[in-house]
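Participant:
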Amino acid sequence: CVSRTARIILARTRSLLHILVVQFKLRIFNSTLVCRSLFVDWNIEWKPAPYPCTEAQREAAAKRYGLLLSDYKPFENDGLAPGDYPDLQPFNEAHRDPWEHYDYYPIKRNYNEPVPFYWEFYSESGTDPNLQETAHYGQPMWKLLLKFLLTPVVLFSFILVGEWYKIFQPEKAKQYPFCGTDEHYTFEPQD
Numbered sequence: 032c033v034s035r036t037a038r039i040i041l042a043r044t045r046s047l048l049h050i051l052v053v054q055f056k057l058r059i060f061n062s063t064l065v066c067r068s069l070f071v072d073w074n075i076e077w078k079p080a081p082y083p084c085t086e087a088q089r090e091a092a093a094k095r096y097g098l099l100l101s102d103y104k105p106f107e108n109d110g111l112a113p114g115d116y117p118d119l120q121p122f123n124e125a126h127r128d129p130w131e132h133y134d135y136y137p138i139k140r141n142y143n144e145p146v147p148f149y150w151e152f153y154s155e156s157g158t159d160p161n162l163q164e165t166a167h168y169g170q171p172m173w174k175l176l177l178k179f180l181l182t183p184v185v186l187f188s189f190i191l192v193g194e195w196y197k198i199f200q201p202e203k204a205k206q207y208p209f210c211g212t213d214e215h216y217t218f219e220p221q222d
């Protein structure tokens, strides 16, 4: 026989489980809930406006992104442009000052700072658009390839020439002091 408190606890547990199952089913099968949960950290105000055609629209777009009008340059209007988003020079986060106090240090960004459109490609672990200037001191790739290939070719040629022309220490016959009449014997068989 089950006591009254045990029956109440069992009934409450069943109702809680029923609520959890219903919410779980709604979260999985309701597409609006799924879509909303995917874009929790996005705001409609962050969507770029249409491509600026007039000077007033350009001024408004520059003000919106916190840029001077002279610094603001939108993408080319080729039909694939992301609206009025500015065409910023891509940079890698690794080249930013590590000692500066950023608002969000893990990605070295300050609040309301404009970023390139494809910003996620240029993280510290991503690609570096300035690799040529930073890692190779501005040298062209053909020079780097020549340096890379020339080293083993030169070493191999030295080894090859050394095989053709042997270099050895010249030797004289063994010299013995006071060798006037003394005979020196060897243990090699006589022919």
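Just so we're on the same page, our numbering is the position in the sequence shown counted from 1, plus 31. Backbone N, C-alpha and C define an ideal beta-carbon position, used for all residues, glycine too. All values reported here derive from a predicted model rather than from experimental measurement.
1) In whole angstroms, what separates the C-alpha of aspartate 102 from that of asparagine 108?
2) Suppose the cutoff is 7 Å on Cβ atoms and the five residues either side in sequence are ignored; what does the same chain contact list for tyrosine 82 look like?
3) With DSSP run on the structure shown, which of helix, strand or coil describes proline 137?
4) How close, in whole Å, do the beta carbons of proline 147 and tyrosine 96 come, if the pair is a contact with beta carbons under 8 Å?
5) Going by DSSP, which residues form a beta bridge with proline 105?
6) Considering phenylalanine 27, what are the terminal residues of the alpha helix (DSSP H) in which it resides?
7) What residue does the alpha helix (DSSP H) around arginine 127 start on, and which one ends it?
8) Please go through the same chain and pick out, in chain order, the residues whose beta-carbon is closer than 7 Å to the beta-carbon of glutamate 202, but skip the five residues on each side of it.
9) Taking Cβ to Cβ, would you say glutamate 124 is nearer than 8 Å to glutamate 155?
10) Return the CA-CA distance between histidine 126 and alanine 92, expressed in angstroms with no decimal places.
11) Relative to the C-alpha of aspartate 159, which residue among Glu219, Ile39, Gln206 and Pro121 is closest?
12) Confirm, please, whether the CB-CB distance from arginine 140 to tyrosine 149 is below 8 Å.
13) For proline 117, tell me which candidate among Glu151, Ala80, Ile138 and Tyr136 has the shortest Cα-Cα distance.
14) Out of curiosity, what's the CA-to-CA distance linking leucine 186 and tyrosine 196?
15) Cutting at 8 Å between CB atoms, please list the residues of its own chain near glutamate 90, excluding the five before and the five after it.
16) Taking all protein chains shown into account, do 16 or more other C-beta atoms lie within 10 angstroms of the C-beta of tyrosine 207, making it buried, or fewer, making it exposed?
17) Taking a contact to mean a Cβ-Cβ separation below 8 Å, would you say leucine 256 touches histidine 167 in this structure?
Facilitator: Taking the structure as given:
1) 18 Å
2) Pro105, Asn108, Ala112, Gly114 and Asp115
3) helix
4) Contact flag wrong, Cβ pair sits at about 12 Å.
5) Pro117
6) No information on residue 27 is available, as it lies outside the stretch 32 to 222 that the chain covers here.
7) Counting along the chain, arginine 127 falls outside any alpha helix (DSSP H), and DSSP gives it neither H nor E.
8) none
9) yes
10) 28 Å
11) Pro121
12) no
13) Ala80
14) 16 Å
15) Leu100
16) exposed
17) Residue coverage of the chain in this structure runs from 32 to 222, which leaves residue 256 outside it and unanswerable.
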